[in-house]
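Trainee: Same order as they appear, the protein sequences are chains A and B. All you need for the working numbering is the position in the first sequence, starting with 1, plus 3. All you need for the working numbering is the position in the second sequence, starting with 1, plus 367. Note that the Cβ used here is the ideal one computed from N, Cα and C, for glycine as well. First the structure, then my questions, so here it is.
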Amino acid sequence: MNKSRKRIFIAVAVLLVLGIILSVSLGAVCLTPAQLVNAIKNGSGSGLEGNIFWYVRVPRTIACLLAGAGLAVSGVVIQSVLSNKLASPGIIGVNAGAGFAVTVCCALGALSGWALAGSAFIGALLAVLLVVGAAQKMNASRTTVILGGVAVNSFLNAGSEAIITLFPDIGVMSSDFRVGGFTSVTMTRLLPAGILILIGLCVLFTLCNELDLMNLGEETAQGLGLPVKKMRTIFLAVAALLAGASVSFAGLLGFVGLIIPHIARRLVGGENRHLLPFCAIGGAAFVVLCDLAARLVFQPYEIPVGILMSFIGGPFFVFLLFKNKGGHRRD
Amino acid sequence: MIEMKNVCAGYGNEEVLHNINLSIEPGKVTVLVGPNGCGKSTLLKSIIRLNPHTSGTIAVDGDLIEKLDSSALAQRISYLPQGKKVPDITVRRMVLHGRFTYLKYPRHYRKQDYEMAQKAMEWVGIEELAEKNVSQLSGGTQQKVYIAMALAQDTPVILMDEPTAYLDIGHQMKLMETAKALAAKGKAVVMVLHDLTQAFRFADRIVVMSEGEIVAQGMPEEVYQSAVIDTTFRVCVERMFTESGWQYFYKSE
Chain A
4 MNKSRKRIFI AVAVLLVLGI ILSVSLGAVC LTPAQLVNAI KNGSGSGLEG
54 NIFWYVRVPR TIACLLAGAG LAVSGVVIQS VLSNKLASPG IIGVNAGAGF
104 AVTVCCALGA LSGWALAGSA FIGALLAVLL VVGAAQKMNA SRTTVILGGV
154 AVNSFLNAGS EAIITLFPDI GVMSSDFRVG GFTSVTMTRL LPAGILILIG
204 LCVLFTLCNE LDLMNLGEET AQGLGLPVKK MRTIFLAVAA LLAGASVSFA
254 GLLGFVGLII PHIARRLVGG ENRHLLPFCA IGGAAFVVLC DLAARLVFQP
304 YEIPVGILMS FIGGPFFVFL LFKNKGGHRR D
Chain B
368 MIEMKNVCAG YGNEEVLHNI NLSIEPGKVT VLVGPNGCGK STLLKSIIRL
418 NPHTSGTIAV DGDLIEKLDS SALAQRISYL PQGKKVPDIT VRRMVLHGRF
468 TYLKYPRHYR KQDYEMAQKA MEWVGIEELA EKNVSQLSGG TQQKVYIAMA
518 LAQDTPVILM DEPTAYLDIG HQMKLMETAK ALAAKGKAVV MVLHDLTQAF
568 RFADRIVVMS EGEIVAQGMP EEVYQSAVID TTFRVCVERM FTESGWQYFY
618 KSE
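Put into structure tokens, the structure is as follows:
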């Protein structure tokens with residue numbers, strides 16, 4: 004790793020650590036360093052501060068880290084496999100597929116963490132396979148893939164809304180879930196999703212070379228000995244696992260999988276052995292800091308972090324569209 | 368050695384190659400020529416299973432290609448495609464990926480892989496660009512990076528689809544000399560070329576294709592004498608002997 008890249012890695016890691024410390028300290032109730040140390044030492048039995056630390060701040064911070072890393076890395080993988088830098092789990096319908104599956108799961112009364120994470124994965128996988136399968140069958144352009152994803156997004160979100168209308172008592176589809184947020188995260192719900200995200204990240208970190216080859220195009224990759232069709236399916240499945248598991252506790256958090264990969268490529272280049280770990284760290288830092296801002300900026304009110312991300316991500320997406328203007332002409 | 372017997376292949380329901388019989392021999396530069404859309408690229412793609420053949424047999428050193436997995440096939444045949452993507456990675460890393468098919472657990476490139484990649488970069492003259500990003504290079508230099516990657520794969524058979532595209536005349540000549548040098552080492556080099564002059568000058572064997580069929584094959588002199596180039600391309604070929612050998616000229620009919 005060259006020196007400048009190492010410096011960038013260290014800087015983002017420091018940012019992440021800082022974000023974690025602030026995230027467990029600040030909020031409606033601010034914890035002093037002494038209270039933090041006391042809570043860590045004595046566990047949840049150390050009074051109100053201990054309860055806030057262990058039952059609110061820690062799960063929420065871990066959720067931010069997992070969702071940030073999962074969605075950002077999922078975004079890199081989807082962009083590589085589709086050869087489309089406008090793609091991300093939130094844009095091509097992966098998150099919406101997961102959200103729909105979670106809604107169905109809740110409507111059926113299956114509320115355990117494993118049921119939610121598992122159904123989110125299946126929903127995300129079906130959505131991505133639908134979009135990618137249709138695009139390949141029609142030999143669709145990059146822009147058409149995005150539009151197809153937007154259509155799938157709308158359809159699945161409408162499906163989710165219809166289920167909520169029919170089953171108004173299901174708690175999961177709160178506004179926090181619809182735009183993405185961490186206020187209702189619990190360790191029970193987080194644990195299964197967290198395990199799936201960590202497994203997905205470990206699998207991808209061993210497949211960096213394969214992902215590099217996917218970026219060279221199908222013909223070159225196959226010529227180099229990569230079983231392209233099999234690997235494409237594996238990559239999409241793992242991307243769906245990461246995005247689906249993230250959605251199961253963070254809701255329909257958009258734009259992390261779009262913004263972070265773009266910034267990361269600029270900072271550390273496109274080699275996946277650097278890009279994937281950097282996206283994991285950068286995505287985690289980004290979501291932790293955004294969540295912190297969402298908690299603090301409008302105090303005493305707290306806005307779901309998804310709203311803040313949409314304020315950042317929307318203009319960023321438009322910027323990318325203009326930057327790639329005539330993208331359909333370059334297909 | 369690659370042996371194609373009665374091979375038909377195409378895209379979907381459209382058959383592009385009809386009844387191809389071809390032997391690609393080691394130690395020779397075989398050049399495929401023919402009008403646009405005659406099936407030259409499809410022929411190369413069928414050999415590496417990018418366009419699986421619908422009938423007939425394709426064997427590499429006696430083994431049917433469908434019996435070989437992707438990795439085993441890539442250890443015997445390297446392929447430089449016509450359309451290429453420009454990745455956002457360094458030249459060294461990209462050339463190193465030519466060694467992907469030899470990757471074993473724990474999935475890190477070994478010292479000998481780095482050495483082979485270095486040798487391949489030196490062969491095409493891009494070793495000084497090793498730490499540059501491929502996306503920042505000119506089209507011709509990117510082409511050389513792809514060629515180095517194919518050389519790093521170090522296979523007995525090398526398939527190149529229009530490798531001289533984007534290269535200036537000096538680098539075209541150097542590439543053709545590299546192809547000759549590889550053939551001299553016993554490798555089978557197959558190239559799709561549009562430049563008939565280079566095909567006649569450098570090929571050991573020329574295969575002329577038209578409308579999905581092989582209409583002639585043989586040594587350059589045999590192909591020239593058969594006048595099949597004239598009928599296939601609808602041009603008149605003439606040649607003149609110079610100090611550097613035969614020079615070929617074309618004029619429309």
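Between A:Phe103 and A:Leu159, how many whole angstroms is the CB-CB distance? I'm expecting something under 8 angstroms.
Mentor: Counting from one through the first sequence, the residue named residue 103 of chain A turns up at place 100. Counting from one through the first sequence, the residue named residue 159 of chain A turns up at place 156. That pair is a contact at about 4 angstroms.
Trainee: Apart from the five residues just before and just after A:Ala242, which ones in its own chain have a Cβ nearer than 6 angstroms to its Cβ?
Mentor: In the first sequence, residue 242 of chain A corresponds to position 239, counting from 1. Ser77, Val80 and Ile81, listed in sequence order.
Trainee: Hey, A:Phe208 and A:Pro303 are a contact pair by Cβ (cut 8 angstroms); roughly how many whole angstroms apart?
Mentor: Residue numbering aside, residue 208 of chain A sits at position 205 when the first sequence is read from its first letter. Residue numbering aside, residue 303 of chain A sits at position 300 when the first sequence is read from its first letter. The Cβ separation is near 41 angstroms, so there is no contact.
Trainee: Going by CA-CA distance only, name the one from B:Cys603, B:Asn380, B:Arg474 and B:Thr522 that's closest to B:Pro419.
Mentor: Numbered from its first residue, the second sequence carries residue 419 of chain B at position 52. Ranking the options by Cα distance to B:Pro419, first place goes to B:Asn380.
Trainee: Do B:Ile525 and B:Ser445 have their C-beta atoms closer together than 8 angstroms?
Mentor: The sequence position of residue 525 of chain B within the second sequence is 158, counting from 1. The sequence position of residue 445 of chain B within the second sequence is 78, counting from 1. Cβ distance < 8 angstroms, so B:Ile525 and B:Ser445 count as in contact.
Trainee: Please tell me whether B:Gln520 has its Cβ less than 8 angstroms away from any Cβ of chain A.
Mentor: Against the second sequence, residue 520 of chain B aligns to sequence position 153. Yes, contact with chain A.
Trainee: Residues bridged to B:Tyr472 by DSSP?
Mentor: On the second sequence, residue 472 of chain B is found 105 positions in, with the first residue counted as 1. Partner(s): none; B:Tyr472 has no beta bridge.
Trainee: What residues of chain A sit near B:His538, judged by a beta carbon separation below 7 angstroms?
Mentor: Position 171 of the second sequence, counted from the start, is the residue given in the question as residue 538 of chain B. Going along chain A, no residue has its Cβ under 7 angstroms from B:His538, so there is no contact; the nearest lies around 20 angstroms.
Trainee: At which residues does the beta strand (DSSP E) containing A:Gly247 begin and terminate?
Mentor: Along the first sequence, one-based indexing puts residue 247 of chain A at 244. No beta strand (DSSP E) contains A:Gly247, which is instead part of the alpha helix (DSSP H) from Val231 to Ala253.
Trainee: Which class does B:Ile415 belong to by DSSP, given the choice of helix, strand or coil?
Mentor: As a first step, residue 415 of chain B must be located in the second sequence, where it is residue number 48. In this structure, B:Ile415 counts as coil in the three-state DSSP scheme.
Trainee: DSSP beta-bridge partners for B:Phe616?
Mentor: On the second sequence, residue 616 of chain B is found 249 positions in, with the first residue counted as 1. BP columns for B:Phe616 point to B:Glu605.
Trainee: Taking Cβ positions, are A:Gly247 and A:Ala127 nearer each other than 8 angstroms?
Mentor: Your numbering for residue 247 of chain A matches position 244 in the first sequence. Your numbering for residue 127 of chain A matches position 124 in the first sequence. Yes, the pair counts as a contact, with Cβ atoms nearer than the cut-off.
Trainee: For A:Asp334, I'd like the list of residues in its chain whose CB is within less than 7 angstroms of its CB, leaving aside the five on either flank, ordered along the chain.
Mentor: Along the first sequence, read from residue 1 onward, the residue named residue 334 of chain A stands at position 331. Summary for A:Asp334: the model assigns pLDDT 37, below 50, so the residue's position carries little reliability, and this model does not support an answer.
Trainee: Looking at the secondary structure, which residues open and close the alpha helix (DSSP H) in which A:Gly309 lies?
Mentor: Position 306 of the first sequence, counted from the first residue, corresponds to residue 309 of chain A. Val308 to Lys326 is the span of the alpha helix (DSSP H), which, as asked, contains A:Gly309.
Trainee: Spatial neighbours of B:Leu549 within its chain, please: C-beta separation below 7 angstroms, excluding the five flanking residues on both sides.
Mentor: Position 182 of the second sequence holds residue 549 of chain B. Closer than 7 angstroms at the Cβ level, and outside the excluded window around B:Leu549, lie Ile525 and Val556.
Trainee: Does any CB atom of chain A fall closer than 8 angstroms to the CB of B:Asn542?
Mentor: Start at 1 with the first residue of the second sequence, and residue 542 of chain B comes out as number 175. This sequence places Leu at residue 542 of chain B; Asn is not what is there. No, its Cβ sits nowhere closer than 8 angstroms to a Cβ of chain A.
Trainee: Would you mind reading off the limits of the beta strand (DSSP E) that contains B:Tyr446?
Mentor: On the second sequence, residue 446 of chain B is found 79 positions in, with the first residue counted as 1. First-last of the beta strand (DSSP E) with B:Tyr446: Ile444 to Leu447.
Trainee: To the nearest angstrom, report how far apart A:Ala138 and A:Gly220 are at their CA atoms.
Mentor: The sequence position of residue 138 of chain A within the first sequence is 135, counting from 1. The sequence position of residue 220 of chain A within the first sequence is 217, counting from 1. Rounded to the nearest angstrom, the two C-alpha atoms are 16 angstroms apart.
Trainee: Have a look at A:Leu201, A:Thr223, A:Asn212 and A:Leu227 and flag the residue whose alpha-carbon is nearest the alpha-carbon of A:Ala66.
Mentor: Translated into positions along the first sequence, residue 66 of chain A becomes position 63. The candidate whose alpha carbon is nearest that of A:Ala66 is A:Leu201.
Trainee: Say whether chain A places a C-beta atom closer than 8 angstroms to the C-beta of B:Thr508.
Mentor: Position 141 of the second sequence, counting from 1, holds the residue named residue 508 of chain B. Not an interface residue.
Trainee: Contact between the stretch 119 to 126 of chain A and the stretch 247 to 258 of chain A: three or more CB pairs below 8 angstroms?
Mentor: Contact between the stretch 119 to 126 of chain A and the stretch 247 to 258 of chain A is present, because at least three Cβ pairs lie under 8 angstroms.
Trainee: Tell me where the beta strand (DSSP E) around A:Gly53 begins and ends.
Mentor: In the first sequence, residue 53 of chain A corresponds to position 50, counting from 1. Per DSSP, A:Gly53 belongs to no beta strand (DSSP E); it is in the alpha helix (DSSP H), Gly50 to Asn54.
Trainee: How many whole angstroms separate the CB atoms of B:His538 and B:Gly507, which I take to be in contact at a CB cut-off of 8 angstroms?
Mentor: Here residue 538 of chain B refers to the residue found at position 171 of the second sequence. Here residue 507 of chain B refers to the residue found at position 140 of the second sequence. With 8 angstroms as the limit, B:His538 and B:Gly507 qualify as a contact, their Cβ atoms being about 6 angstroms apart.
Trainee: List, from N- to C-terminal side, the alpha helix (DSSP H) runs of 4 residues or more that fit wholly inside the stretch 485 to 542 of chain B.
Mentor: For the stretch 485 to 542 of chain B, whole alpha helix (DSSP H) runs of length 4 or above, ordered along the chain, are 506 to 519.
Trainee: Starting from the Cα of B:Val512, find the closest Cα among B:Tyr476, B:His464, B:Tyr469 and B:Lys471 and give me that residue.
Mentor: For the purposes of this step, residue 512 of chain B is taken as the residue at position 145 of the second sequence. Of the listed residues, the one whose Cα sits closest to B:Val512 is B:His464.
Trainee: Is there a C-beta anywhere in chain B that falls below 8 angstroms from the one on A:Arg268?
Mentor: For the purposes of this step, residue 268 of chain A is identified with residue 265 of the first sequence, where counting begins at 1. True, the Cβ-Cβ gap to chain B drops below 8 angstroms.
Trainee: Please report the Cβ distance between B:Met558 and B:Pro530, rounded to the nearest whole angstrom; I am assuming they are in contact, meaning their Cβ atoms lie under 8 angstroms.
Mentor: Mapped onto the second sequence, residue 558 of chain B falls at position 191. Mapped onto the second sequence, residue 530 of chain B falls at position 163. Contact flag correct, Cβ pair sits at about 6 angstroms.
Trainee: With B:His385 as the anchor, note down where its beta strand (DSSP E) starts and where it stops.
Mentor: What you label residue 385 of chain B is simply residue 18 of the second sequence in a count that begins at 1. Run containing B:His385: Glu381 to Ile391, per the beta strand (DSSP E) assignment.
Trainee: Based on the DSSP output, what are the partners of B:Asp430 in its beta bridges?
Mentor: Counting from 1 along the second sequence, the entry for residue 430 of chain B is found at position 63. DSSP output for B:Asp430 lists B:Val427 as bridge partner(s).
Trainee: Pull up the CB-CB distance for A:Leu68 and A:Ala287, whole angstroms please, since I reckon it's below 8 angstroms.
Mentor: Within the first sequence, numbered from 1, the residue matching residue 68 of chain A stands at position 65. Within the first sequence, numbered from 1, the residue matching residue 287 of chain A stands at position 284. At roughly 4 angstroms, the Cβ-Cβ gap stays under 8 angstroms, so A:Leu68 and A:Ala287 are in contact.
Trainee: Check the Cβ of B:Leu435 against every Cβ in chain A and list those closer than 7 angstroms, keeping chain order.
Mentor: Here residue 435 of chain B refers to the residue found at position 68 of the second sequence. None at all; the shortest Cβ gap to chain A is about 10 angstroms.
Trainee: Identify, in the order they occur along the chain, each residue of the same chain with its Cβ nearer than 6 angstroms to the Cβ of B:Gln520, setting aside the five sequence neighbours on each side.
Mentor: What you label residue 520 of chain B is simply residue 153 of the second sequence in a count that begins at 1. Ser445 and Gly465, listed in sequence order.
Trainee: My output table needs one value for A:Lys9: the three-state DSSP class, helix, strand or coil.
Mentor: Counted from its first residue, the first sequence places residue 9 of chain A at position 6. If DSSP states are grouped into helix, strand and coil, A:Lys9 belongs with the helices.
Trainee: Mind checking if B:Asp455 is an interface residue toward chain A, Cβ cutoff 8 angstroms exclusive?
Mentor: Within the second sequence, residue 455 of chain B is the residue found at index 88, counting from 1. So yes, B:Asp455 belongs to the interface.
Trainee: Can A:Phe252 and A:Leu193 be called in contact, C-beta distance under 8 angstroms?
Mentor: By one-based count along the first sequence, residue 252 of chain A stands at place 249. By one-based count along the first sequence, residue 193 of chain A stands at place 190. Cβ distance < 8 angstroms, so A:Phe252 and A:Leu193 count as in contact.
Trainee: With a threshold of 7 angstroms (Cβ to nearest heavy atom), would A:Phe289 be considered close to the ligand ZN?
Mentor: No copy of the ligand ZN occurs in the structure displayed, which carries no ligand at all.
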